[in-house]
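Here the sequence shown is numbered in the UniProt record's numbering, starting from 1 and rising by one per residue.
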Amino acid sequence: MGFLRQSKAQQEPRKSTASLWTCATSGLVLGLVTLVGMGPTPAEAQNMFAPVKKINERVITSYELSQRMLFLTVLRAPGNLRELALNQLTDEALQRQAADTAGVSITAEEVLAGMSEFTGRFNLKVEEFNKIIAEAGVAPETFRDFVSGGLLWRSVVGKRWQGRINVTEDEIDRQLSLTAPGQNVRVLLSEIVLAAENPEAMQDANARASQLSEITTLGAFASAARNSSVAESRGRSGRLNWTDLSDLPPAVAAQVVALEPGHVTDPVPVKNGVAVFQLRAIEELDRPTPQDVTVEYSALMIPGGRSTEALTQAAEIRAKADSCNDLFGLFPGSTEAQIQRESVPVGELPTRYAVELAQLDKGEASTALTSSNGQSLVFLMLCSRSRELPEDVSRDQLRARLQNQRLQAFSTAYLEELRAAAFIEEFDAQ
């Protein structure tokens with residue numbers, strides 16, 4: 001399945017501020033002692049207030065960028081840290097501007113509480129955490145801005161949509177039936193992915209995706225997939241294989257479960273594009289339903305995009321590697337930017353990775369994805385998939401879960417709208 005040509009350069013997948021909040025619980029405290037003595041070079045210090053990027057009227061400086069990079073290194077964030085930091089700062093600039101427009105603010109007490117909650121995941125007090133990151137050259141203001149940005153955006157999203165998210169009793173009944181003991185659900189989907197490399201293209205893609213959401217026949221969707229989709233699945237009229245509902249990203253699963261066969265989801269925002277999914281069939285299986293699915297995967301970046309050379313190299317790797325451990329054995333000197341290995345809940349995966357990994361068994365690999373600029377082929381391998389079976393599920397829990405899934409989908413879509421409408425200018429590195 002070829003889901004999305006998105007994300008930035010070779011940093012796959014892109015992590016948001018919110019996802020790093022969650023990652024903080026995964027032992028990242030080990031990185032807090034690795035950066036003592038690190039800081040900007042003399043040349044960087046002289047240009048620390050030079051502009052790096054402008055988002056509408058907000059300027060990101062070299063100092064802010066270097067500070068966020070140091071902070072992410074302390075948190076042991078994987079991938080291209082400069083790109084990750086710049087992406088986060090860009091999103092936060094848009095989010096803060098949205099907060100100003102909406103008249104949303106947070107108090108100093110709320111920020112301190114958020115900082116305490118964050119450092120509590122490391123079993124540290126705020127003062128202790130600040131002392132440790134200071135040894136790595138990170139200013140306390142950098143940590144405070146990181147936390148306050150997430151809190152502000154949460155308030156913006158809550159104010160904008162909280163009262164408009166209505167989960168009906170019928171939807172809860174159906175969700176309860178799908179999570180009943182002894183049952184599991186798998187779905188047969190088709191996909192259409194529309195590319196959008198700039199704000200104008202994003203507006204067109206959203207408009208086109210809204211039209212596609214009105215389709216109610218399999219034939220019409222298949223024709224549109226062949227003609228419009230940029231995913232690898234276009235050659236199969238957008239058709240995907242059977243997929244467990246629990247393996248899908250929550251924002252997609254929440255929409256799919258409410259569909260009738262032939263109907264299509266609302267547009268799902270993705271990096272550099274937008275996607276829609278059509279439900280072709282749904283099936284209940286006589287086996288326990290997993291509630292929490294954790295996926296461990298490896299992503300190898302192969303230079304050359306979808307060139308013959310890159311695809312040939314991917315085929316050679318596939319023939320030699322039967323597990324994720326084999327990948328590191330084949331490339332012993334690789335960096336995290338070249339081979340990434342992570343274990344995360346499926347709900348925290350970017351949609352492009354989650355949908356692709358849902359099609360794989362342990363040790364299987366996909367070469368359907370590329371980086372956003374098309375310069376790298378993504379060799380994506382499923383290392384393992386672990387499942388935790390649910391206990392009793394209450395109606396209130398299901399209602400809150402569905403509301404949170406929809407709120408997250410609205411949040412992602414709104415941020416994409418802000419990004420598409422913004423004037424963004426990048427400056428040459430000093």
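Note that the Cβ used here is the ideal one computed from N, Cα and C, for glycine as well.
Pairwise C-alpha distance: residue j and residue i
i              : j              : result
alanine 220    : alanine 254    : 23 Å
glutamine 88   : glycine 150    : 10 Å
methionine 48  : alanine 209    : 42 Å
alanine 50     : glutamate 284  : 58 Å
glycine 163    : isoleucine 424 : 32 Å
proline 249    : glutamate 200  : 27 Å
valine 346     : serine 323     : 20 Å
threonine 73   : glutamate 342  : 16 Å
alanine 85     : leucine 245    : 33 Å
leucine 311    : glutamate 356  : 18 Å
leucine 300    : leucine 380    : 6 Å
glutamate 426  : alanine 93     : 14 Å
residue 433    : threonine 351  : A question about residue 433 goes unanswered here, because the residues of the chain that appear run from 1 up to 430.
leucine 124    : leucine 349    : 27 Å
valine 344     : alanine 224    : 34 Å
lysine 320     : alanine 368    : 19 Å
asparagine 130 : serine 105     : 24 Å
tryptophan 161 : alanine 365    : 38 Å
glutamate 109  : threonine 265  : 40 Å
glutamate 128  : valine 59      : 31 Å
glutamate 309  : glycine 79     : 24 Å
leucine 418    : glutamate 316  : 42 Å
Same chain, Cβ closer than 8 Å to residue i, five either side skipped, listed in chain order
i                 : result
arginine 82       : Leu65 and Met69
valine 157        : Leu407, Phe410, Ser411 and Tyr414
valine 147        : Val111, Gly114, Met115 and Phe118
alanine 421       : Pro199
threonine 370     : Arg5, Gly305, Arg306, Ser376, Leu377 and Val378
alanine 134       : Pro140
threonine 216     : Gly262, His263 and Val264
phenylalanine 331 : Leu300, Gln338 and Ile339
Cβ shell of residue i (< 6 Å), same chain only, five flanking positions each side left out
i                : result
glycine 329      : none
asparagine 241   : Gln359
serine 386       : Thr294
alanine 180      : In this prediction, alanine 180 has a pLDDT of 48, which is less than 50 and means its spatial position is unreliable; what the coordinates show is noted afterwards. Nothing meets the Cβ criterion.
glutamate 416    : Pro269
glycine 120      : none
phenylalanine 71 : Val138 and Thr142
Top-ranked residue by Cα proximity to residue i, from the options
i              : options                           : result
valine 293     : Arg239, Ala321, Ala358 and Glu200 : Ala358
leucine 327    : Gln95, Lys159 and Gly363          : Gly363
proline 267    : Pro261, Gln397, Glu260 and Phe277 : Phe277
aspartate 170  : Asn198, Val257 and Ser116         : Val257
cysteine 383   : Pro250, Pro303 and Glu296         : Glu296
aspartate 428  : Arg58, Asn56, Glu57 and Ser62     : Ser62
leucine 189    : Arg234, Ser105, Glu426 and Leu86  : Arg234
lysine 54      : Gly79, Thr90, Val74 and Leu72     : Thr90
glutamate 260  : Trp153, Arg160 and Ser213         : Ser213
valine 126     : Arg144, Ala136, Glu135 and Gly137 : Arg144
alanine 354    : Thr243, Ala136 and Ala85          : Thr243
alanine 400    : Thr168, Ala368, Ala315 and Glu356 : Thr168
serine 155     : Glu316, Ala102, Gly137 and Ala222 : Ala102
threonine 107  : Phe71, Leu152 and Val138          : Leu152
leucine 75     : Val59, Ile165, Arg58 and Val138   : Val138
asparagine 404 : Ala99, Arg226, Arg58 and Asn166   : Asn166
alanine 99     : Lys159, Val52 and Arg395          : Lys159
aspartate 361  : Asp247, Val52 and Arg226          : Asp247
CB contact flag (residue i, residue j, <8 Å)
i              : j             : result
isoleucine 282 : valine 187    : yes
threonine 142  : glutamine 67  : yes
valine 252     : serine 229    : no
glycine 262    : glutamate 191 : no
residue 433    : arginine 280  : The requested residue 433 does not occur in the structure, where the chain is confined to residues 1 to 430.
Neighbourhood of residue i by C-beta distance below 7 Å, restricted to the same chain and skipping five residues each side
i             : result
alanine 196   : Met202, Ala205, Asn272, Gly273 and Val274
asparagine 56 : Gln97, Ala422 and Phe423
alanine 314   : Ile302, Thr367, Leu377 and Phe379
leucine 402   : Val167, Glu171, Gln175 and Ala254
Bridge partners - residue i, DSSP secondary structure assignment
i              : result
tryptophan 242 : Leu188
glutamate 342  : Tyr297
alanine 195    : Gly273
methionine 381 : Ser298 and Ala365
glutamine 278  : Ser190 and Val264
valine 59      : Lys54
proline 303    : Ser376
serine 386     : Thr294
isoleucine 424 : Ile55
glutamate 284  : Val185
heavy atom of the ligand PLP below 7 Å from residue i C-beta
i             : result
threonine 351 : In the structure shown, the ligand PLP is absent, as is every other ligand, since no ligand is present at all.
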